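To convert a position in the sequence shown, counted from 1, into the numbering used here, add 115.
C-beta atoms are modelled at their ideal positions from N, C-alpha and C, and glycine is treated no differently.
Quick caveat: nothing in here was measured; it's all calculated off a predicted structure.
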Amino acid sequence: MDSIIFDLDGTLWDPIDTLLKAWNSRIKENELIKAELTRTDLEGTMGLQMDDMSKKLFPYLNEEVRLQVIKDCFQTEEEFLLKQGGNLYPHVEGVLQSLSKYYKLYIVSNCQDGYIETFYEFHQLEKYFLDFENPGRTGLSKGENIDLIMKRNHLSNPVYVGDTEGDFNAARFAGIPFIYARYGFGQVSDYDDAIEKFDELIDLFC
116 MDSIIFDLDG TLWDPIDTLL KAWNSRIKEN ELIKAELTRT DLEGTMGLQM DDMSKKLFPY
176 LNEEVRLQVI KDCFQTEEEF LLKQGGNLYP HVEGVLQSLS KYYKLYIVSN CQDGYIETFY
236 EFHQLEKYFL DFENPGRTGL SKGENIDLIM KRNHLSNPVY VGDTEGDFNA ARFAGIPFIY
296 ARYGFGQVSD YDDAIEKFDE LIDLFC
(Lines of atoms letter the chains of each structure in order from A; the text may use other names.)
(Lines give C-alpha, C1' and ligand atoms only; values in the text may rest on other atoms or scores of the structure.)
Protein backbone atom coordinates (compact mmCIF):
# COMPACT_ATOMS: atom_id res chain seq x y z
CA MET A 116 0.00 0.00 0.00
CA ASP A 117 1.42 3.36 -1.01
CA SER A 118 -1.39 5.81 -0.25
CA ILE A 119 -4.70 6.50 1.51
CA ILE A 120 -7.56 8.42 -0.14
CA PHE A 121 -10.16 9.81 2.25
CA ASP A 122 -13.77 10.79 1.96
CA LEU A 123 -14.46 14.01 3.91
CA ASP A 124 -17.95 14.26 5.46
CA GLY A 125 -18.54 11.42 7.92
CA THR A 126 -14.92 10.32 7.67
CA LEU A 127 -12.67 13.24 8.67
CA TRP A 128 -15.27 15.60 10.13
CA ASP A 129 -18.95 16.10 10.93
CA PRO A 130 -19.96 19.48 9.45
CA ILE A 131 -23.73 19.08 9.83
CA ASP A 132 -24.36 21.45 12.76
CA THR A 133 -22.71 24.27 10.82
CA LEU A 134 -24.36 23.31 7.53
CA LEU A 135 -27.76 23.25 9.20
CA LYS A 136 -27.37 26.84 10.40
CA ALA A 137 -26.18 27.93 6.97
CA TRP A 138 -28.86 26.15 4.95
CA ASN A 139 -31.76 27.20 7.17
CA SER A 140 -30.58 30.81 7.15
CA ARG A 141 -30.75 30.73 3.35
CA ILE A 142 -33.91 28.75 2.67
CA LYS A 143 -36.03 30.87 4.99
CA GLU A 144 -35.71 33.57 2.32
CA ASN A 145 -37.56 31.34 -0.16
CA GLU A 146 -41.35 31.24 0.23
CA LEU A 147 -41.54 27.98 -1.74
CA ILE A 148 -39.66 26.05 0.97
CA LYS A 149 -42.17 24.36 3.26
CA ALA A 150 -40.10 23.84 6.42
CA GLU A 151 -36.67 24.20 7.98
CA LEU A 152 -34.28 21.32 7.50
CA THR A 153 -33.30 19.01 10.35
CA ARG A 154 -30.04 17.26 11.14
CA THR A 155 -31.64 14.00 10.00
CA ASP A 156 -32.48 15.59 6.64
CA LEU A 157 -28.86 16.53 5.99
CA GLU A 158 -27.43 13.28 7.33
CA GLY A 159 -29.52 11.49 4.71
CA THR A 160 -27.85 13.42 1.88
CA MET A 161 -24.22 12.88 2.87
CA GLY A 162 -22.26 11.44 -0.04
CA LEU A 163 -24.78 12.48 -2.69
CA GLN A 164 -24.00 14.75 -5.61
CA MET A 165 -25.82 18.04 -5.99
CA ASP A 166 -28.71 16.90 -8.21
CA ASP A 167 -29.53 13.85 -6.07
CA MET A 168 -29.27 15.96 -2.92
CA SER A 169 -31.70 18.53 -4.29
CA LYS A 170 -34.24 15.84 -5.23
CA LYS A 171 -34.09 14.29 -1.78
CA LEU A 172 -34.40 17.54 0.18
CA PHE A 173 -36.83 19.45 -2.04
CA PRO A 174 -38.79 16.93 -4.14
CA TYR A 175 -41.77 19.27 -4.41
CA LEU A 176 -39.79 21.95 -6.28
CA ASN A 177 -39.18 21.89 -10.02
CA GLU A 178 -35.67 21.05 -11.17
CA GLU A 179 -34.58 24.60 -11.98
CA VAL A 180 -35.69 25.94 -8.61
CA ARG A 181 -34.23 22.95 -6.72
CA LEU A 182 -30.80 23.38 -8.24
CA GLN A 183 -30.77 27.12 -7.62
CA VAL A 184 -31.70 26.56 -3.97
CA ILE A 185 -28.87 24.04 -3.59
CA LYS A 186 -26.37 26.38 -5.24
CA ASP A 187 -27.43 29.22 -2.93
CA CYS A 188 -27.09 26.96 0.11
CA PHE A 189 -23.65 25.77 -1.00
CA GLN A 190 -22.49 29.37 -1.27
CA THR A 191 -23.79 30.19 2.19
CA GLU A 192 -22.37 27.05 3.79
CA GLU A 193 -18.84 27.93 2.67
CA GLU A 194 -19.17 31.31 4.36
CA PHE A 195 -20.32 29.63 7.59
CA LEU A 196 -17.64 26.92 7.44
CA LEU A 197 -14.86 29.47 7.02
CA LYS A 198 -16.00 31.11 10.28
CA GLN A 199 -17.15 28.09 12.30
CA GLY A 200 -15.62 24.99 10.71
CA GLY A 201 -17.03 21.54 11.34
CA ASN A 202 -16.46 19.03 14.13
CA LEU A 203 -13.31 17.03 13.50
CA TYR A 204 -13.58 13.46 14.68
CA PRO A 205 -11.35 12.70 17.70
CA HIS A 206 -7.60 12.57 17.06
CA VAL A 207 -7.88 13.32 13.33
CA GLU A 208 -4.86 15.61 13.13
CA GLY A 209 -2.60 13.35 15.19
CA VAL A 210 -3.56 10.33 13.11
CA LEU A 211 -3.03 12.20 9.85
CA GLN A 212 0.37 13.37 11.07
CA SER A 213 1.38 9.77 11.84
CA LEU A 214 -0.02 8.32 8.63
CA SER A 215 1.63 10.99 6.49
CA LYS A 216 5.04 9.69 7.59
CA TYR A 217 4.36 6.38 5.86
CA TYR A 218 1.77 7.06 3.16
CA LYS A 219 0.70 9.69 0.67
CA LEU A 220 -2.67 11.15 1.71
CA TYR A 221 -5.47 12.49 -0.51
CA ILE A 222 -9.14 13.53 -0.33
CA VAL A 223 -11.91 12.70 -2.81
CA SER A 224 -15.35 13.98 -1.79
CA ASN A 225 -18.73 14.45 -3.50
CA CYS A 226 -18.83 18.19 -2.86
CA GLN A 227 -18.82 21.52 -4.63
CA ASP A 228 -15.68 23.32 -5.70
CA GLY A 229 -14.28 25.25 -2.73
CA TYR A 230 -15.65 22.97 0.00
CA ILE A 231 -12.47 21.00 0.65
CA GLU A 232 -10.55 24.26 0.68
CA THR A 233 -12.74 25.55 3.54
CA PHE A 234 -11.97 22.34 5.46
CA TYR A 235 -8.27 22.93 4.91
CA GLU A 236 -8.37 26.60 5.81
CA PHE A 237 -10.38 26.43 9.03
CA HIS A 238 -8.65 23.37 10.49
CA GLN A 239 -5.19 23.97 8.98
CA LEU A 240 -4.86 20.40 7.70
CA GLU A 241 -3.78 21.03 4.11
CA LYS A 242 -0.17 20.18 4.98
CA TYR A 243 -1.03 16.49 5.36
CA PHE A 244 -2.60 16.05 1.91
CA LEU A 245 -0.92 16.03 -1.47
CA ASP A 246 -3.97 16.43 -3.70
CA PHE A 247 -7.77 16.39 -3.70
CA GLU A 248 -10.68 16.18 -6.10
CA ASN A 249 -14.45 16.65 -6.26
CA PRO A 250 -17.27 16.67 -8.83
CA GLY A 251 -17.75 20.43 -8.44
CA ARG A 252 -14.38 20.85 -10.09
CA THR A 253 -14.37 17.96 -12.56
CA GLY A 254 -18.00 17.03 -13.21
CA LEU A 255 -17.03 13.39 -12.63
CA SER A 256 -18.43 10.74 -10.30
CA LYS A 257 -16.60 9.89 -7.08
CA GLY A 258 -15.22 6.68 -8.58
CA GLU A 259 -13.94 8.59 -11.60
CA ASN A 260 -12.37 11.21 -9.32
CA ILE A 261 -10.61 8.51 -7.30
CA ASP A 262 -9.29 7.09 -10.57
CA LEU A 263 -8.20 10.60 -11.61
CA ILE A 264 -6.28 11.08 -8.35
CA MET A 265 -4.61 7.72 -8.81
CA LYS A 266 -3.50 8.48 -12.36
CA ARG A 267 -2.49 12.09 -11.66
CA ASN A 268 -0.33 11.08 -8.72
CA HIS A 269 0.91 7.77 -10.13
CA LEU A 270 -0.51 5.72 -7.25
CA SER A 271 -0.10 1.97 -7.58
CA ASN A 272 -1.71 0.60 -4.43
CA PRO A 273 -4.08 3.00 -2.60
CA VAL A 274 -7.03 2.32 -0.31
CA TYR A 275 -10.17 4.44 0.11
CA VAL A 276 -11.63 5.31 3.51
CA GLY A 277 -15.29 6.35 3.60
CA ASP A 278 -18.62 5.91 5.34
CA THR A 279 -21.38 5.40 2.74
CA GLU A 280 -22.53 2.91 0.14
CA GLY A 281 -21.55 5.48 -2.47
CA ASP A 282 -18.01 5.39 -1.11
CA PHE A 283 -17.95 1.61 -1.34
CA ASN A 284 -19.21 1.73 -4.93
CA ALA A 285 -16.65 4.39 -5.83
CA ALA A 286 -13.79 2.32 -4.44
CA ARG A 287 -14.99 -0.73 -6.35
CA PHE A 288 -15.25 1.36 -9.54
CA ALA A 289 -11.63 2.41 -9.07
CA GLY A 290 -10.59 -1.16 -8.25
CA ILE A 291 -9.14 -0.42 -4.82
CA PRO A 292 -9.86 -1.69 -1.27
CA PHE A 293 -12.53 0.05 0.80
CA ILE A 294 -12.19 0.79 4.52
CA TYR A 295 -15.57 1.45 6.14
CA ALA A 296 -15.74 4.22 8.77
CA ARG A 297 -18.59 2.85 10.90
CA TYR A 298 -18.83 6.05 12.97
CA GLY A 299 -19.93 8.10 9.94
CA PHE A 300 -23.31 8.75 8.34
CA GLY A 301 -24.01 5.69 6.20
CA GLN A 302 -24.49 1.94 6.06
CA VAL A 303 -22.64 -0.17 3.51
CA SER A 304 -23.26 -3.57 1.97
CA ASP A 305 -19.63 -4.69 1.88
CA TYR A 306 -16.12 -3.58 2.77
CA ASP A 307 -12.56 -4.88 2.97
CA ASP A 308 -11.96 -3.66 6.51
CA ALA A 309 -13.73 -1.42 9.02
CA ILE A 310 -12.91 1.01 11.80
CA GLU A 311 -15.07 2.06 14.76
CA LYS A 312 -13.13 5.30 15.30
CA PHE A 313 -10.61 7.26 13.27
CA ASP A 314 -7.53 6.45 15.32
CA GLU A 315 -7.94 2.74 14.58
CA LEU A 316 -6.27 3.54 11.26
CA ILE A 317 -2.98 3.64 13.17
CA ASP A 318 -3.34 -0.01 14.23
CA LEU A 319 -4.52 -0.93 10.76
CA PHE A 320 -1.76 0.70 8.74
CA CYS A 321 1.21 1.54 10.98
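Distance, residue j Cα to residue i Cα
i: LYS198; j: GLU158; result: 21 Å
i: GLU193; j: PRO250; result: 16 Å
i: TYR217; j: GLU144; result: 49 Å
i: PRO233; j: ILE119; result: What sits at residue 233 in the sequence shown is Thr, not Pro. Rounded to whole angstroms, THR233 to ILE119 spans 21 Å at the Cα level.
i: GLY209; j: SER271; result: 26 Å
i: ILE291; j: ASN260; result: 13 Å
i: GLN183; j: LYS136; result: 18 Å
i: PHE247; j: ILE264; result: 7 Å
i: THR153; j: PHE283; result: 26 Å
i: PRO205; j: ALA150; result: 33 Å
i: LEU240; j: LEU163; result: 24 Å
Boundaries of the alpha helix (DSSP H) in which residue i is found, first to last residue
i: TYR175; result: Unbroken run through TYR175: none, as it is neither H nor E.
i: ALA296; result: Segment 293 to 296 is the beta strand (DSSP E) holding ALA296; no alpha helix (DSSP H) there.
i: LYS325; result: This structure cannot settle anything about residue 325, because the visible part of the chain is limited to 116 through 321.
Exposure of residue i, with buried meaning 16 or more beta-carbon neighbours within 10 Å
i: ARG141; result: buried
i: THR67; result: The requested residue 67 does not occur in the structure, where the chain is confined to residues 116 to 321.
i: ASN177; result: exposed
i: MET161; result: buried
i: GLN212; result: exposed
i: ASP117; result: exposed
i: GLY277; result: buried
i: LEU147; result: exposed
Segment limits, beta strand (DSSP E) that includes residue i
i: LEU220; result: 219 to 223
Within 9 Å, strictly: CB atoms of residue i and residue j
i: ASP314; j: PHE288; result: no
Can you list the alpha helix (DSSP H) stretches of 4 or more residues lying completely in the stretch 241 to 314, in chain order? Listed in chain order, they are 250 to 253, 257 to 267, 280 to 289.
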